[in-house]
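Each residue of the sequence shown is one higher than the one before, counting from 1 in the UniProt record's numbering. Written below as structure tokens is the structure these notes are about.
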Amino acid sequence: MSRDISPSRSPPVAKKVKHEMEKFGDLRVDNYYWLRDDSRTDPEVLSYLQEENAYTEYFMSGPCINPFFSSYYYNRNVIPAGDFLGFISYY
1 MSRDISPSRS
11 PPVAKKVKHE
21 MEKFGDLRVD
31 NYYWLRDDSR
41 TDPEVLSYLQ
51 EENAYTEYFM
61 SGPCINPFFS
71 SYYYNRNVIP
81 AGDFLGFISY
91 Y
């Protein structure tokens, strides 16, 4: 899979649709109520979820773009030899 390494790739943004619900005398506004689809058939919801899944798959498919995080990704299992933190010994 070829990855676009441009840092401009951004996550999908769900649209806001005002939905008011009143329960126990309290009014609550849920701007993302439209994403609730118990039947799993609404094409708009399914399309948005596919966009989110594609975005997640893109970032989970390889090392991070940022050099700092890339170095952490490759070196995260490196433990210094000897005394570390004063009270824990690693060998």
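Here a beta-carbon is modelled for each residue, glycine too, at the ideal position from N, C-alpha and C.
Residue i (DSSP reduced to helix, strand or coil)
{"i": "residue 20", "result": "strand"}
{"i": "residue 29", "result": "strand"}
{"i": "residue 43", "result": "helix"}
{"i": "residue 54", "result": "helix"}
{"i": "residue 1", "result": "Note that residue 1 has pLDDT 46, beneath the 50 cutoff, so the model's placement of it is unreliable and the number below is only indicative. Reduced to three states, the DSSP call for residue 1 is coil."}
Span separating the alpha-carbon of residue i from that of residue j
{"i": "residue 26", "j": "residue 19", "result": "14 Å"}
{"i": "residue 60", "j": "residue 21", "result": "37 Å"}
{"i": "residue 94", "j": "residue 15", "result": "One cannot answer for residue 94 here, as it falls past the ends of the chain, which runs 1 to 91."}
{"i": "residue 38", "j": "residue 55", "result": "23 Å"}
{"i": "residue 46", "j": "residue 40", "result": "7 Å"}
{"i": "residue 29", "j": "residue 9", "result": "30 Å"}
{"i": "residue 92", "j": "residue 23", "result": "Beyond the ends of the chain as shown, which are 1 and 91, falls residue 92; an answer cannot be given."}
{"i": "residue 50", "j": "residue 11", "result": "12 Å"}
{"i": "residue 52", "j": "residue 34", "result": "16 Å"}
{"i": "residue 57", "j": "residue 42", "result": "22 Å"}
Nearest neighbour of residue i, chosen from the options [CA to CA]
{"i": "residue 17", "options": "36, 52, 23", "result": "36"}
{"i": "residue 32", "options": "23, 44, 24", "result": "44"}
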